[in-house]
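**Student:** Got a structure here, written out as structure tokens. Questions coming.
Protein chains in written order, with our numbering: chain A, 1 to 110; chain B, 1001 to 1114.
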């Protein structure tokens, strides 16, 4: 079953703009992770935020976590064409390994 | 270090056949997980192996099985293939002991069942 749900399902922005994706989940978690996937290839880990953390940064990425609302957001600043990909949130904490949402497909227009 | 490798990268089979997929984790990683990705169901956890033992299992029928060898390499097997088994099968390895920790994914094996 899908634990995380990303929103929006698709997002198209101009290069240089910021992109924000949201993730909601249903049960308690140990951590929440964001991954990127380019065109049906393997997933690349972007960032992991633990349940006792509220915000984390990595380069142009900023992730927030609100456990009271069971939600997280991923912000990509100053987007580039190479950021075009699908982005997935994944929650850890259950017996089913990482549970992934269906992803947000991000398109960066040149 | 070399990344996670999966072989073969592409596979075409017919219904009723069986298939074996292989995964070599990053050197030093002892946890190997398998995921199935389809357009309809998204990414779904199949199972996880740690030190040659299946430690976690997703909600898949018994036709899906796996094993891990002493060098941490892993294989998954699907018997009696069905059309719905067509998917991208992803293997991931982890340095840590928890299946929830950062996963390093391979490029996947794209299986098509005709």
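For glycine and all other residues, C-beta sits at the position ideal for the given N, C-alpha and C.
Going by the DSSP bridge assignment, what does residue 5/A pair with across the sheet?
**Tutor:** Beta-bridge pairing links residue 5/A to 24/A.
**Student:** Under the assumption that residue 1022/B contacts residue 1096/B (Cβ atoms under 8 angstroms), give the Cβ distance between them as a whole number of angstroms.
**Tutor:** Not quite, the Cβ-Cβ distance comes to about 23 angstroms (not below 8 angstroms), so this is no contact.
**Student:** Using a Cβ cut-off of 8 angstroms (strictly closer), state whether residue 128/A contacts chain B.
**Tutor:** The structure shown has nothing for residue 128/A, since chain A only spans 1 to 110.
**Student:** Going by CA-CA distance only, name the one from 42/A, 49/A and 21/A that's closest to residue 29/A.
**Tutor:** Of the candidates 42/A, 49/A and 21/A, the one whose C-alpha sits nearest the C-alpha of residue 29/A is 49/A.
**Student:** Here's the rule I'm using: 16 or more other beta-carbon atoms within 10 Å means buried, otherwise exposed. How should residue 1072/B be labelled?
**Tutor:** That one is buried.
**Student:** CB-CB under 6 angstroms to residue 105/A, same chain, minus the five flanking residues each way: which ones, in chain order?
**Tutor:** Around residue 105/A: 10 and 86.
**Student:** Give me the Cβ distance between residue 24/A and residue 71/A, rounded to the nearest whole Å; I'm assuming they're in contact under 8 angstroms.
**Tutor:** Right, their Cβ atoms sit about 5 angstroms apart.
**Student:** Nearest to residue 1041/B by CA position, among 1025/B, 1059/B and 1109/B, is which residue?
**Tutor:** Considering only alpha carbons, the answer is 1059/B.
**Student:** Below 7 angstroms CB to CB, which residues in the same chain sit around residue 60/A once its five sequence neighbours on both sides are set aside?
**Tutor:** Answer for residue 60/A: 76, 77 and 78, listed in chain order.
**Student:** Taking DSSP's pairing of strands, which residues face residue 57/A in a bridge?
**Tutor:** Paired residues: 62/A.
**Student:** Of all the options 1113/B, 1018/B, 1014/B and 1008/B, which has the alpha carbon lying nearest to the alpha carbon of residue 1064/B?
**Tutor:** If we check each option's Cα against that of residue 1064/B, 1018/B comes out closest.
**Student:** Output the distance between the C-alpha atoms of residue 114/A and residue 1033/B, rounded to the nearest integer angstrom.
**Tutor:** Residue numbering for chain A in the displayed model covers 1 to 110; residue 114/A lies beyond these limits and cannot be assessed.
**Student:** Can you have a look at residue 1109/B and say buried or exposed, based on whether 16 or more other CB atoms are within 10 angstroms of its CB?
**Tutor:** Buried: at least 16 other Cβ atoms inside 10 Å.
**Student:** Taking 6 angstroms as the limit between beta carbons, can you name the residues of its chain near residue 100/A, skipping five residues before and five after?
**Tutor:** 88 and 90, listed in sequence order.
**Student:** Write down the C-beta distance between residue 43/A and residue 1090/B rounded to the nearest angstrom, noting that I regard them as a contact closer than 8 angstroms.
**Tutor:** Between residue 1090/B and residue 43/A the Cβ distance is about 7 angstroms, and since that is below 8 angstroms, they are a contact.
**Student:** Measuring straight from C-alpha to C-alpha, what distance separates residue 1051/B and residue 27/A?
**Tutor:** About 29 angstroms.
**Student:** Could you please give the first and the last residue of the uninterrupted beta strand (DSSP E) stretch that includes residue 986/B?
**Tutor:** Past the boundaries of the shown model lies residue 986/B; chain B is included only from 1001 to 1114, so the question cannot be answered.
**Student:** Are the CB atoms of residue 1093/B and residue 1101/B nearer to each other than 8 angstroms?
**Tutor:** Not a contact, by the Cβ cut-off of 8 angstroms.
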